[in-house]
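>
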Amino acid sequence: MKEKLQLNANALKVIAIIAMTIDHFADIFYPGFPTSPAPLALHFIGRLTAPIMWFFVCEGYYYTRDAQKYLQRLGIFAIISHFAYCFGFGISLNPLEGGIFNRTSVMYPLFIAVLILYLSDHPLPVAKWLQNVIFFLLVMSAFPADWSCIAVLAILGMYPRRGNLKGQMWQIIQWVFWYGLVSFLFVSKAYALELVGVLMVYPVLYFYNGERGKAKWMKWFFYLYYPAHLIILGILRVMIYGDINLTV
3 MKEKLQLNAN ALKVIAIIAM TIDHFADIFY PGFPTSPAPL ALHFIGRLTA PIMWFFVCEG
63 YYYTRDAQKY LQRLGIFAII SHFAYCFGFG ISLNPLEGGI FNRTSVMYPL FIAVLILYLS
123 DHPLPVAKWL QNVIFFLLVM SAFPADWSCI AVLAILGMYP RRGNLKGQMW QIIQWVFWYG
183 LVSFLFVSKA YALELVGVLM VYPVLYFYNG ERGKAKWMKW FFYLYYPAHL IILGILRVMI
243 YGDINLTV
């Protein structure tokens with residue numbers, strides 16, 4: 003009998019990195035999210051990245067030996083990535099200036115999701131209703147980020163379903179559906195239809211074997227690669243177009 007293909011965490015993270023790079027650099031060669039076949043195909047591939055990131059945030063929080071250090075690491079890289087993201091796409095460093103979408107990187111919603119998971123495991127000494135208000139405000143604080151509140155809500159829905167890929171996939175589908183609906187009605191119909199690409203993540207995650215992989219340095223590689231590739235993106239943006247905003 004033919005053995006099932008197996009992918010460890012490192013291999014899946016490499017897939018996410020490749021898909022992310024294709025997606026982001028498509029913005030350089032096809033700014034403004036045009037609806038021609040080539041950029042649509044490139045951005046479609048890029049839809050693999052976010053759900054893989056969400057999946058491994060769940061895995062990372064579950065397996066971490068020190069949740070506080072994991073949270074601190076995400077927080078530090080969320081700050082670093084904010085500057086890199088803004089430079090990469092030509093966005094104001096002030097998230098309150100300009101539009102209401104894509105004002106900071108996806109690292110911020112990942113940080114917020116882990117913060118809520120941590121506070122759920124280590125409740126604040128406040129009334130339950132007040133803690134729920136705090137959670138709501140934390141979720142809403144991710145609204146201006148890449149993937150908005152959806153990244154937070156998807157992770158919070160996926161985490162209790164660890165080990166149940168179909169259950170996690172359903173969480174991804176339903177939250178991305180609402181994200182796509184808002185985008186279709188108010189932002190970009192083309193982008194909304196592109197979100198169907200997140201379905202590709204199921205056959206990819208299906209082959210996850212639950213192992214990290216031998217290359218321990220890969221944990222740090224993603225954290226460093228994310229802001230680094232955005233800085234390169236920003237340099238190319240300025241060289242080719244000048245100081246323009248690629249998101250408009």
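For the sequence shown, the numbering used here begins at 3 and goes up steadily by one. Where is the CB? At the ideal position from N, CA and C, for every residue including glycine.
1. Check whether the Cβ atoms of V116 and Y63 sit closer than 8 Å, and answer yes or no.
2. Return the CA-CA distance between L139 and L7, expressed in angstroms with no decimal places.
3. Is it the case that the CB of E99 approaches a heavy atom of the ligand ATP more closely than 7 Å?
4. In chain order, what residues of the same chain lie with their CB nearer than 8 Å to the CB of A190, ignoring the 5 residues before and after it?
5. For A1 versus R163, is the C-beta distance shorter than 8 Å?
6. A129 by DSSP, collapsed to three states: which one?
7. Note down the Cα distance separating A28 from F58, rounded to an integer number of angstroms.
8. Which residues in the same chain have their Cβ closer than 6 Å to the Cβ of F224, if we skip the five residues on either side of it in sequence?
9. Could you tell me which uninterrupted beta strand (DSSP E) segments, each at least 3 residues in length, are contained entirely in the stretch 165-217, listed from first to last along the chain?
10. Name the one or two DSSP bridge partners that L9 has.
11. Starting from the C-beta of L95, find all residues in its chain whose C-beta is less than 6 Å away, skip the five residues before and the five after it, and write them out in chain order.
12. Let me know if D25 comes out buried or exposed under the rule of 16 or more other beta-carbons within 10 Å of its beta-carbon.
13. Quick check: A253 and A52, are their CB atoms within less than 8 Å of each other?
Reading off the structure:
1. What you label residue 116 is simply residue 114 of the sequence shown in a count that begins at 1. What you label residue 63 is simply residue 61 of the sequence shown in a count that begins at 1. Yes, Cβ-Cβ distance for V116 and Y63 is below 8 Å.
2. By 1-based counting over the sequence shown, the position of residue 139 is 137. By 1-based counting over the sequence shown, the position of residue 7 is 5. Answer to the nearest angstrom: the Cα atoms are 42 Å apart.
3. Absence of the ligand ATP is noted for the structure shown, with no ligands found whatsoever.
4. The residue given as residue 190 occupies position 188 in the sequence shown. Position check: residue 190 holds Ser in this sequence, whereas Ala was assumed. So the list reads F35, once near-sequence residues are dropped.
5. For the chain, the structure presents residues 3 to 250; residue 1 sits outside this window and is missing.
6. Position 127 of the sequence shown holds residue 129. In this structure, A129 counts as coil in the three-state DSSP scheme.
7. By one-based count along the sequence shown, residue 28 stands at place 26. By one-based count along the sequence shown, residue 58 stands at place 56. Their backbone Cα atoms lie some 25 Å apart in a straight line.
8. Indexing the sequence shown from 1 puts residue 224 at position 222. Contacts found: K15.
9. The qualifying runs do not exist here; there are none.
10. Working through the sequence shown from its first residue, we reach residue 9 at position 7. The partner list for L9 (beta bridge, DSSP) reads Y210.
11. Taking the first residue of the sequence shown as position 1, residue 95 is located at position 93. Excluding positions up to five away in sequence, the list reads C88.
12. Here residue 25 refers to the residue found at position 23 when the sequence shown is read from its first residue. So D25 ends up on the buried side.
13. Given a span of 3 to 250 for the chain in the structure shown, any question on residue 253 remains unanswerable.
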